[in-house]
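Number of protein chains: 2
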Amino acid sequence: MIIEEKPSLEVCLSPALLHLYDTNDAVVVIIDIFRATSTITAALHNGAKCVIPVASVAECITIGEQMPNSLTAGERDGKIAPGLQYGNSPLEYPPLFVKDKTLVLTTTNGTRLLHMIEGAATIVIGSFLNLSALCAYLLSQKKRVVLGCASWKDKFNLEDTLFAGAVAYELQHAFEIKDDSARAAKHLYQAASGQHLIEFLKDSSHYKRLSAYGLEKEMEYCVTPDLHPVVPYLKGKEIVVH
Amino acid sequence: MIIEEKPSLEVCLSPALLHLYDTNDAVVVIIDIFRATSTITAALHNGAKCVIPVASVAECITIGEQMPNSLTAGERDGKIAPGLQYGNSPLEYPPLFVKDKTLVLTTTNGTRLLHMIEGAATIVIGSFLNLSALCAYLLSQKKRVVLGCASWKDKFNLEDTLFAGAVAYELQHAFEIKDDSARAAKHLYQAASGQHLIEFLKDSSHYKRLSAYGLEKEMEYCVTPDLHPVVPYLKGKEIVVH
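Protein chains in written order, with numbering that gives the first Met the number 0: chain E, 0 to 241; chain G, 0 to 241.
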């Protein structure tokens with residue numbers, strides 16, 4: 000009888016802890032639930048050609064000017080950043096609007112984490128919007144998984160960890176839940192799952208910050224599972240689904 | 000009517016995240032459940048004169064030689080470190096043995112965190128063994144609290160976070176639970192509290208590592224609340240209770 004060793008699954012709770020994880024030849028999942036990875040997933044499922052994640056507003060403007068059929072997007076303090084055209088909400092990019100366009104998106108936490116990853120087999124985008132599709136993909140790869148929470152300026156946040164916990168929960172029978180972060184994330188998800196996740200998240204830093212900007216509907220959308228069943232991945236400098 | 004503002008309570012999950020926290024004039028709690036802060040609490044409650052925490056075995060030996068009536072203690076890989084006299088277990092220091100002695104203790108994670116704290120009003124030692132005494136002390140101080148998890152080589156661990164969650168849970172009505180780490184720790188503690196904590200911790204990195212050395216009894220002791228109701232604090236280079 001051959002017993003196959005299960006690949007490991009780990010959760011990195013903050014970019015400031017990334018150096019503790021071996022991302023070489025692993026599948027790394029970037030998680031920024033409120034709202035970068037939710038928006039990327041929605042825009043690509045709705046037909047965007049690709050998403051180009053950039054760190055600064057200036058870079059976003061420059062690339063947008065050079066790129067035909069592109070949209071520049073990003074927010075600062077809950078409002079469209081000066082010089083850009085659109086915001087960072089999954090609800091802003093319906094199919095008729097975003098189809099075949101390139102979305103040049105500036106986000107701080109998610110983009111920074113994305114650019115920190117070294118040597119990964121694949122870098123993919125995770126959000127509740129593509130939870131089941133992502134889990135099916137991770138299962139199919141049979142490789143080590145590192146779930147990377149973008150967090151908020153390196154500070155642990157509840158919604159990214161909750162999503163990491165959802166993935167750990169779904170995959171626990173096929174993966175070795177390797178570190179205590181993954182175990183804690185799974186416990187957190189189990190503690191939350193008796194209610195709508197947005198209720199659980201109402202007592203969180205990001206919910207409080209973003210609801211002051213009137214973004215409650217957007218956040219509720221971001222924690223609704225499986226509305227956009229695609230698995231975006233990084234291909235060169237672009238995030239694509241095909 | 001005067002509404003008093005509640006002091007904040009935050010949880011730093013790893014020394015690698017400490018730079019994100021303002022420890023100036025805060026009460027900082029050092030947490031290293033398996034087993035440094037448990038051992039320190041037990042030894043001092045059992046009558047030790049003081050505990051001197053040091054980072055290396057060599058430093059431990061040097062200070063032990065200079066200090067009358069002292070014991071040198073510390074472990075590496077679950078065994079008494081070569082050159083030292085005793086280990087790092089709260090059960091090793093009963094009253095008749097430890098009374099009036101100075102315990103020179105080398106630990107890696109706890110000592111390192113302790114030495115990283117800057118500007119704190121007070122640095123105190125937290126463990127399940129002094130949970131209620133610690134909470135009563137924190138309530139009495141009416142100052143900001145930062146709970147610092149020593150973790151394991153900067154990696155998040157379950158038992159330190161669980162203890163931070165127990166403190167957050169006990170103090171939530173008198174303090175503002177300020178960051179998502181504190182919220183998550185509290186959720187974790189609530190998820191664990193329907194059972195003996197050691198059952199919850201059996202699926203954790205440290206439990207697995209230390210049980211391979213036969214330290215199950217020690218770990219069970221370390222998560223038993225209120226066996227040693229004292230609040231050790233740092234006074235110069237010594238940890239004392241008086």
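Every residue gets a Cβ at the ideal spot worked out from N, C-alpha and C, and that includes glycine.
When only Cα atoms are considered, S204(G) and C11(E) end up about 15 Å apart. In the three-state scheme derived from DSSP, where H, G and I count as helix and E and B as strand, I124(G) is classed as strand. Here the alpha carbons of T107(G) and P14(G) stand approximately 12 Å from one another. In the DSSP assignment, P231(G) falls outside any beta strand (DSSP E), carrying neither H nor E. In terms of CA proximity to P228(G), T40(G) leads the group M218(G), T40(G) and D21(G). Within the same chain, and ignoring the five residues on either side of S37(G) in sequence, the residues whose Cβ sits closer than 6 Å to its Cβ are P89, S126, L128 and C221.
With fewer than 16 other Cβ atoms from the protein chains shown falling within 10 Å of its own Cβ, G118(E) counts as exposed. Within chain G, no C-beta atom comes nearer than 9 Å to that of N87(E); the closest sits roughly 20 Å away. Of all residues in the segment 135-155 of chain G, only D153, K154 and F155 place a beta-carbon less than 7 Å from a beta-carbon of chain E.
Each residue's CA atom was taken as its position, placing Y232(E) and A149(E) some 16 Å apart. Between the segment 24-33 of chain E and the segment 73-86 of chain E there are fewer than three inter-stretch CB-CB distances shorter than 8 Å, so the stretches are not counted as touching. Secondary structure of V145(G) (DSSP, three-state): strand. Contact note: H195(E) does not reach chain G at a C-beta cutoff of 9 Å; the least C-beta distance is about 16 Å. Within the segment 126-185 of chain E, the runs of beta strand (DSSP E) that reach at least 3 residues and sit entirely inside it are, in chain order, 144-148. The C-beta of D179(G) comes closer than 8 Å to at least one C-beta of chain E. Rounded to whole angstroms, the gap between the alpha carbons of L95(G) and Q84(G) is 17 Å. Using a Cβ-Cβ cut-off of 8 Å, L12(E) counts as an interface residue toward chain G, since at least one Cβ of chain G sits closer than that to its own. In this structure, L170(E) and A191(E) do not form a Cβ contact; the two beta carbons are roughly 17 Å apart against a cut-off of 8 Å. Following the DSSP letters along the chain, one finds G73(E) inside the beta strand (DSSP E) bounded by residues S69 to R75. Apart from the 5 residues on each side of it in sequence, K141(E) sits with its Cβ closer than 8 Å to the Cβ of P6 in its chain, given in chain order.
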